[in-house]
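Residue numbers (the working numbering): -8 to 567. Every residue gets a Cβ at the ideal spot worked out from N, C-alpha and C, and that includes glycine. Computed from a predicted model, the values in this text were never measured in an experiment.
And the structure:
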């Protein structure tokens, strides 16, 4: 029977395919006394070999699809599966204690995990505990005949159904086979949603119950345009959505014609459409979608993809690659934004009640000057290879900005004294994501070269609502008149000092927000590369003066987010 449910439209498009459940498998088993140890050992060895083949296949896929560096995590898994000490200990447990292979595996792996987790002075060895845990789960699955979901091993067209997707899950997704995904939890700004837009596959998140409704292999329709999910659709529904899918693909072909077009409004005003990236590998999507700049390069992925602090040279190479790859177009590089939900195993951060409000981003950088100065030197050295703009995140006070900029100037002077070439045209700005900085924007604007608004955090801090918390997600309101008023103050403050304002939060690519942001005077819109062409198409239909009147009305006459949405919908209906 056909089932329908609603979620949050996270990535455009229509996906139709069989469900592939990426959920935690049931690996429960009973301890048994056995009288045939040889048979159990054979089962164990077969399971180890099957697990090793799977991990190798995953490793090979990730190396091709994502990169050799990211694939190296799976080398550690292969090493665990090839470790004779662990395997011999499990075999001895079977023979000596006459227990089934499942129990012997659980006993021995538990000892190894506890031993590695206890090495508190050696973070590298502590990480091996996670490798053993992953490998044990995979071997146990083979012993029990239970499928361990592995996105990298998918070899047919499917849609992923999951409670949520982790970064390692999404790293394994193959666009050739994975046509879309749907999750129980998450919002438009969650990792899985952002990754879906980067991969340009349809996604709906936050459905709450999809993993309960969709069985493995059942037909599922994902409507990433409206946020609808249909499980086990009937023939009429299937035909309807295939037609909708074709219409969307036709629309994408029309947008593609705008790849090399200038971004101008109906009345001829130019704004800059930029892309957000995480690694140099994202450049192809940036250029394929006609971005005019990179408005946010999230450098923390350099740190998160390494087992130790990346060296100055490693960072220099990454920054240089992006600057050269943009062929003279501007690149805004955000300095390290670790903390909150982004951790480094080799940087021992304190346990905090509210990590998003705690020790993170610029706060860590100012407290760890050697680490920060290494990044600044790498950026300065790379500056001669393109048009570099440096942005400091999580700035709350002017003193923080002044201290960070002073370190930058000091490192520049040192490099020049060493005979290194450094550009004299580097713009230095801040991310506006803390309400205190937004309120004091008229003072910051006197000292910075630009602002880039990080709406993901600015909205949650202004509304006092964790954007990842399902119970208060209704308060994550980009179009709330309070947010629009704050944005107007930031933009007006910058323009009064002759400075420009960009936006690198997800709001910049939100089609409901774009008319409002144009009306507020936003100069640069930075978003997932996949959103650029449709945004360029929308902007071409908008008159900047009319949008100015729209934004004024939204701020001064609307008192709720619903009223603002209705105002914009009335406008967009007149355009179509």
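Could you check if residue i is buried or exposed, using at least 16 other CB atoms within 10 Å of its CB as the buried criterion?
i           : result
residue 77  : buried
residue 374 : buried
residue 382 : buried
residue 377 : buried
residue 452 : buried
residue 311 : buried
residue 652 : The question about residue 652 has no answer, for the chain in this structure spans -8 to 567.
residue 150 : buried
residue 96  : buried
residue 288 : buried
residue 317 : buried
residue 280 : buried
residue 471 : buried
residue 402 : buried
residue 510 : buried
residue 388 : exposed
residue 429 : buried
residue 10  : buried
residue 142 : buried
residue 369 : buried
residue 547 : exposed
Would residue i and residue j be called neighbours here (beta carbons separated by less than 8 Å)?
i           : j           : result
residue 220 : residue 195 : yes
residue 62  : residue 50  : yes
residue 193 : residue 3   : yes
residue 384 : residue 462 : no
residue 23  : residue 90  : yes
residue 442 : residue 492 : yes
residue 267 : residue 518 : yes
residue 134 : residue 73  : no
residue 576 : residue 180 : Residue 576 is absent from the structure shown; the chain starts at -8 and stops at 567.
residue 507 : residue 473 : no
residue 5   : residue 214 : yes
residue 419 : residue 405 : no
residue 367 : residue 327 : no
residue 322 : residue 284 : yes
residue 431 : residue 391 : no
residue 92  : residue 18  : no
Whose C-beta lies closer than 7 Å to the C-beta of residue i among residues of the same chain, with five residues either side of it excluded?
i           : result
residue 47  : 69
residue 247 : 524
residue 217 : 0
residue 309 : 271, 293
residue 190 : 164, 166
residue 65  : 46, 49, 50, 53
residue 466 : 454, 456
residue 536 : 258
As a quick exercise: from the options, pick the residue whose alpha carbon is nearest that of residue i.
i           : options            : result
residue 433 : 535, 496, 72, 489  : 489
residue 439 : 463, 386, 281, 425 : 386
residue 264 : 495, 393, 110      : 495
residue 184 : 212, 209, 153, 203 : 153
residue 339 : 539, 372, 345, 359 : 359
residue 99  : 424, 107, 80, 401  : 80
residue 483 : 447, -8, 435       : 435
residue 121 : 379, 59, 67        : 67
residue 12  : 352, 506, 172      : 172
residue 236 : 249, 212, 226, 469 : 212
residue 102 : 444, 14, 119       : 119
residue 469 : 321, 354, 445      : 445
residue 330 : 323, 345, 322, 233 : 345
residue 28  : 533, 87, 20        : 87
residue 276 : 21, 341, 562, 522  : 522
residue 21  : 71, 75, 94         : 94
residue 262 : 319, 499, 243      : 499
residue 437 : 487, 187, 558, 232 : 487
residue 371 : 335, 413, 334      : 413
Can you find a C-beta in chain B that's less than 8 Å from the C-beta of residue i?
i           : result
residue 349 : The structure shown contains no chain B; it is built from a single protein chain.
For residue i, which residues of its own chain have a beta-carbon under 6 Å away from its beta-carbon, when the five flanking residues on both sides are left out?
i           : result
residue -4  : 198, 220
residue 82  : 32
residue 512 : 482
For residue i, I'd like the list of residues in its chain whose CB is within less than 8 Å of its CB, leaving aside the five on either flank, ordered along the chain.
i           : result
residue 457 : 347, 451, 463
residue 564 : none
residue -6  : 204, 221, 222, 223
residue 250 : 279, 280, 281, 524
residue 480 : 429, 430, 432, 433
> Fully enclosed by the stretch 218 to 252, which beta strand (DSSP E) runs are 3 residues long or longer?
Replying inline: 219 to 222
> What residue ranges within the stretch 468 to 499 form continuous alpha helix (DSSP H) runs of no fewer than 4 residues, ordered along the chain?
Replying inline: 472 to 487
>> Quick check for students: name the residue ranges of the alpha helix (DSSP H) that lie wholly in the stretch 498 to 562, counting only runs of 4 or more.
In response: 504 to 511, 523 to 531, 535 to 548
> What beta strand (DSSP E) runs, 3 residues minimum, are completely inside the stretch 335 to 415?
Replying inline: Those beta strand (DSSP E) runs which fall completely within the stretch 335 to 415 and span 3+ residues are 378 to 383.
> What runs of the beta strand (DSSP E), each 3 residues or longer, lie entirely inside the stretch 142 to 167?
Replying inline: 149 to 153
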